[in-house]
Structures are given as structure tokens and as C-alpha cells.
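For reference, the structure is listed below as C-alpha cells.
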Amino acid sequence: MKQAQLRDILTLSRPHFLVGGALAYALGASTAGTVAVDRYLLGQVMVTAAQLTAHFLNEYADRFVDAGITNRTVFSGGSGVLLTGRVDPRLALRFGQVATIVALVASLAVGTYSSVAAALGLGALGISWAYSMPPIRLLGTGWGEAATTAVVIGAVPLIGSASQGSPPSSTLWISIAVLFPVHFATMLVFEIPDIESDGAAGKWVLSVRIGRRATEVLISCAFLTGVAVLAAGALLGSLSRVALLAAIAIGPGWLTLRAVSSDRYGPATVSAVGTLVIAIVGLGLGALLAG
6 MKQAQLRDIL TLSRPHFLVG GALAYALGAS TAGTVAVDRY LLGQVMVTAA
56 QLTAHFLNEY ADRFVDAGIT NRTVFSGGSG VLLTGRVDPR LALRFGQVAT
106 IVALVASLAV GTYSSVAAAL GLGALGISWA YSMPPIRLLG TGWGEAATTA
156 VVIGAVPLIG SASQGSPPSS TLWISIAVLF PVHFATMLVF EIPDIESDGA
206 AGKWVLSVRI GRRATEVLIS CAFLTGVAVL AAGALLGSLS RVALLAAIAI
256 GPGWLTLRAV SSDRYGPATV SAVGTLVIAI VGLGLGALLA G
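Numbering (the numbering used here), first residue to last: 6 to 296.
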């Protein structure tokens with residue numbers, strides 16, 4: 006396999022999206038106290054394989070829709086690799102199937118010490134298939150955004166905690182409650198650049214269903230909800246002072262809203278990711294140092 010083809014396949018896998026899953030997993034593990042490295046790594050393999058399954062299958066299933074995208078950014082519109090003709094679309098499907106097998110094998114191994122983590126991993130894998138592939142194709146039902154958020158911000162941190170043999174702590178639950186609306190808003194920001202092309206292609210994601218203006222309002226409300234839950238968690242003593250570092254995310258969150266309203270799609274998606282990453286890292290550090 007030539008170096009250029011390897012580079013295309015790497016791009017097809019969307020490796021930069023794996024960071025969010027890794028951070029969410031680390032957040033869950035950080036609330037467990039003691040971390041067993043072998044269990045941590047095996048759980049991470051399961052999570053990453055499920056993510057890669059979703060990425061490859063989405064590239065395959067959306068290849069025709071993506072052909073009409075004119076505002077592609079680093080975080081929206083797919084990788085664009087299949088549109089070049091350099092990679093056979095069937096290869097994306099095969100890679101998705103291989104990633105599925107890896108996730109299944111990893112879940113069996115994880116199941117030897119945590120049935121909860123294994124079950125959550127299998128559920129995440131199921132949604133990875135259902136998100137883009139027929140007959141369910143969640144992304145076209147208006148529920149794809151919530152389902153993805155439930156996996157990345159709900160299931161993945163819980164897998165991190167359960168894989169260490171620890172039940173979810175109150176800190177983890179409040180962290181999930183903070184991050185859920187932030188991640189949901191981030192997904193909607195990713196949809197904004199493609200809202201017209203998706204609508205024209207009949208891809209009925211949530212933003213297409215409710216329209217541009219309502220999507221912007223929902224993004225704002227979701228970000229504000231995350232801030233409100235963070236403040237409530239601090240006031241109730243459910244979060245440590247260090248966890249309040251997550252409040253730094255308010256800055257890039259505000260920049261995201263400004264960029265969305267002025268159609269600056271690249272900065273909007275980047276600042277949305279920055280908002281989410283800062284929030285996860287802040288909450289994770291708070292949980293780790295508190296433990």
C-alpha cells in the first residue's frame with residue numbers, strides 16, 4: 006500500500022475525533038480512584054474501535070450526500086476522501102467491519118472483569134452502526150445528535166469508571182450532566198455549515214428539520230444549560246474547586262456563538278471543539294485531584 010493511500014485512509018478514519026472519546030473515557034476512569042493500566046488500555050481499545058466503526062461507516066453511507074457539500078471544515082462535512090476517487094468506498098465499509106470485530110473482541114475481554122463496561126461498549130457499537138446505516142440511520146431521524154451525545158458523554162465515561170470496577174460517583178454524574186448539553190451543542194455547530202446541502206440531499210438531521218434560526222437558539226440554550234449545571238454542581242459541593250477550571254470553556258463557547266451567527270464556519274467548529282475539550286479536561290482534573 007502506497008504512502009499516499011495510507012494517508013488517505015488515515016484521513017478517512019477522522020483521527021482528530023478520537024480525542025473526544027479518549028478524554029471522555031479518561032474522565033470516567035479519573036473518578037475511580039486507583040486506575041489499573043491494563044484494564045484502562047483494554048477499555049480504551051473497545052471505545053476507540055467503536056468510534057472508528059462509526060467514522061468509517063459514516064464515510065461510506067454519506068458519500069453521495071457529502072458530494073454536495075461546499076463548506077467543509079476540519080470538523081464537518083466528512084473527510085472528503087471518498088470523493089477524490091483515490092479510495093474505493095467499499096474499503097471504508099471493510100474498515101468499518103474490521104473495527105467492529107476489534108470492538109467485539111475487546112468487549113468480550115472487558116466482560117471478563119466488568120459486565121457493565123462490556124454491555125455499554127456493545128451498546129455504543131450498536132449505535133455506531135445504527136447512526137449512519139440503514140434500516141435505522143439515526144442521523145436522519147432527528148435523534149442522531151442525542152444518541153451520539155449519549156454514547157460519547159454518557160456511555161464512554163461510564164465505561165471508564167466501570168472498567169476500573171468503580172460504580173459511577175456523584176462527581177461523574179454531575180460531570181456528565183454538565184457535558185451533555187455542551188456536546189449536543191457542538192454537534193449542532195458541526196451541522197450548521199452543511200445545513201443547506203444536507204437539506205437539498207434529503208439528509209434530515211436535526212438542524213435541517215428545525216431550521217437555521219431554531220438551531221442557533223438551541224445551540225445557545227444548550228451551552229447556557231451546561232454553564233448552569235456547572236454552577237449548580239459547584240454550589241451544591243458536587244464538584245471540586247479545581248473542576249471549576251471547566252468554566253474557562255465559557256470563553257470559547259461565546260466565540261462559537263459569535264462565529265456561528267456570522268457564518269464563520271471554520272472558527273465556529275474549532276471553538277466549539279475547544280469549548281468541549283476544556284470542559285472535559287477541567288472536570289477530569291477536578292475529579293482526579295479530588296480523588
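Cβ atoms here follow ideal geometry from the backbone N, Cα and C, with glycine treated the same way.
Checklist entry - Which residues bound the alpha helix (DSSP H) around residue 91? => result For the purposes of this step, residue 91 is identified with residue 86 of the sequence shown, where counting begins at 1. Element bounds for residue 91: n/a, residue is neither H nor E.
Item to check | Contacts around residue 243, its chain only, beta-carbon distance under 7 Å, and the 5 residues preceding and following it disregarded | outcome: Locating residue 243 in the sequence shown gives position 238, where the first residue counts as 1. Cβ within range, chain order: 175, 176, 179.
Checklist entry - Which whole-angstrom value is the C-beta distance of residue 55 and residue 130, which I expect to be below 8 Å? => result Looking up residue 55 in the sequence shown gives position 50. Looking up residue 130 in the sequence shown gives position 125. About 5 Å; that satisfies the 8 Å criterion.
Item to check | Segment contact flag, the region 275-283 with the region 248-262, C-beta cutoff 8 Å, min 3 pairs | outcome: yes
Checklist entry - Would you report the Cα separation of residue 46 and residue 218, rounded to the nearest angstrom? => result Residue mapping note: residue 46 aligns to position 41 of the sequence shown, counting from 1. Residue mapping note: residue 218 aligns to position 213 of the sequence shown, counting from 1. Approximately 43 Å, taken between the alpha carbons.
Item to check | Delimiting residues of the alpha helix (DSSP H) encompassing residue 50 | outcome: Locating residue 50 in the sequence shown gives position 45, counting from the first residue. Looking at the DSSP string, the run of the alpha helix (DSSP H) that includes residue 50 is 42-66.
Next on the checklist: Closer than 8 Å is the cut-off here; do at least three beta carbon pairs connect the region 134-141 with the region 56-76?
Outcome noted: yes
Next on the checklist: Rounded to the nearest angstrom, what separates residue 283 and residue 188 at their Cα positions?
Outcome noted: Along the sequence shown, read from residue 1 onward, the residue named residue 283 stands at position 278. Along the sequence shown, read from residue 1 onward, the residue named residue 188 stands at position 183. In a straight line, the C-alpha of residue 283 is about 12 Å away from that of residue 188.
Next on the checklist: Here's the rule I'm using: 16 or more other beta-carbon atoms within 10 Å means buried, otherwise exposed. How should residue 168 be labelled?
Outcome noted: Here residue 168 is taken as the residue at index 163 of the sequence shown, counted from 1. When all chains shown are included, residue 168 counts as buried.
Next on the checklist: Per DSSP, what are the beta-bridge partners of residue 78 in this structure?
Outcome noted: Counted from its first residue, the sequence shown places residue 78 at position 73. Partner(s): 81.
Next on the checklist: Would residue 223 and residue 193 be called neighbours here (beta carbons separated by less than 8 Å)?
Outcome noted: By one-based count along the sequence shown, residue 223 stands at place 218. By one-based count along the sequence shown, residue 193 stands at place 188. Yes.
Checklist entry - Which value, in whole angstroms, describes the spacing of the CA atoms of residue 73 and residue 199? => result The residue given as residue 73 occupies position 68 in the sequence shown. The residue given as residue 199 occupies position 194 in the sequence shown. So the alpha carbons of these two residues sit roughly 9 Å apart.
Next on the checklist: Here's the rule I'm using: 16 or more other beta-carbon atoms within 10 Å means buried, otherwise exposed. How should residue 8 be labelled?
Outcome noted: Within the sequence shown, numbered from 1, the residue matching residue 8 stands at position 3. Under this definition residue 8 is an exposed residue.
Checklist entry - Which of the three DSSP states, helix, strand or coil, is assigned to residue 118? => result Taking the first residue of the sequence shown as position 1, residue 118 is located at position 113. Correct three-state label for residue 118: coil.
Item to check | Cβ-Cβ distance between residue 59 and residue 112 below 8 Å | outcome: Position 54 of the sequence shown, counting from 1, holds the residue named residue 59. Position 107 of the sequence shown, counting from 1, holds the residue named residue 112. In this structure, residue 112 does not lie closer than 8 Å to residue 59 by Cβ.
Item to check | Residues near residue 41 by beta carbon distance below 7 Å, same chain, minus five either side | outcome: In the sequence shown, residue 41 corresponds to position 36, counting from 1. These residues qualify, in order along the chain: 169.
Next on the checklist: Quick check on this structure: which residue in 261, 293, 92, 101 has the alpha carbon closest to the alpha carbon of residue 13?
Outcome noted: Against the sequence shown, residue 13 aligns to sequence position 8. Closest by alpha carbon: 92.
Item to check | Through-space distance from residue 78 to residue 159, alpha-carbon basis | outcome: Counted from its first residue, the sequence shown places residue 159 at position 154. Counted from its first residue, the sequence shown places residue 78 at position 73. Computed Cα separation, rounded: 26 Å.
Checklist entry - How many Å lie between residue 269 and residue 39 at the Cα? => result The sequence position of residue 269 within the sequence shown is 264, counting from 1. The sequence position of residue 39 within the sequence shown is 34, counting from 1. In a straight line, the C-alpha of residue 269 is about 43 Å away from that of residue 39.
Item to check | Whole-number beta carbon distance between residue 32 and residue 162, since they are thought to touch under 8 Å | outcome: If you number the sequence shown from 1, residue 162 lands on position 157. If you number the sequence shown from 1, residue 32 lands on position 27. Rounded, the Cβ-Cβ distance is 5 Å, consistent with contact.
Checklist entry - Under the rule that 16 or more other beta-carbon atoms within 10 Å means buried, what is residue 203, buried or exposed? => result Taking the first residue of the sequence shown as 1, we reach residue 203 at position 198. Counting Cβ neighbours within 10 Å, residue 203 comes out buried, since at least 16 surround it.
Item to check | Cβ of residue 123 within 8 Å of any chain D Cβ | outcome: Checking the listed chains, one finds no chain D in this structure; it contains a single protein chain.
Checklist entry - Rounded to a whole number of angstroms, what is the C-alpha to C-alpha distance between residue 61 and residue 94? => result Here the question's residue 61 lines up with position 56 in the sequence shown. Here the question's residue 94 lines up with position 89 in the sequence shown. Spanning the two alpha carbons is a distance of roughly 10 Å.
Checklist entry - In chain order, which alpha helix (DSSP H) runs of at least 4 residues are fully inside the region 174-209? => result 175-196, 200-206
Next on the checklist: Going by DSSP in three states, residue 148 sits in which element: helix, strand or coil?
Outcome noted: In the sequence shown, the residue the question calls residue 148 occupies position 143. Of the three classes helix, strand and coil, the one that applies to residue 148 here is coil, per DSSP.
Checklist entry - Cβ of residue 155 within 8 Å of Cβ of residue 143? => result Your numbering for residue 155 matches position 150 in the sequence shown. Your numbering for residue 143 matches position 138 in the sequence shown. No.
Next on the checklist: Only counting the same chain, and skipping five residues up and downstream in sequence, which positions put a Cβ closer than 8 Å to that of residue 135?
Outcome noted: On the sequence shown, position 130 is the one that residue 135 refers to. Once the five neighbours on either side are set aside, the close Cβ partners of residue 135 are 141, 142, 143, 152.
Checklist entry - What span of residues does the alpha helix (DSSP H) with residue 171 cover, start to end? => result As a first step, residue 171 must be located in the sequence shown, where it is residue number 166. Run containing residue 171: none; DSSP gives neither H nor E here.
Checklist entry - Taking just the CA atoms, how far does residue 267 sit from residue 124? => result By 1-based counting over the sequence shown, the position of residue 124 is 119. By 1-based counting over the sequence shown, the position of residue 267 is 262. Whole-angstrom Cα-Cα distance: 43 Å.
Item to check | alpha helix (DSSP H) segment containing residue 139, residue limits | outcome: Translated into positions along the sequence shown, residue 139 becomes position 134. Looking at the DSSP string, residue 139 is not in any alpha helix (DSSP H), and its letter there is neither H nor E.
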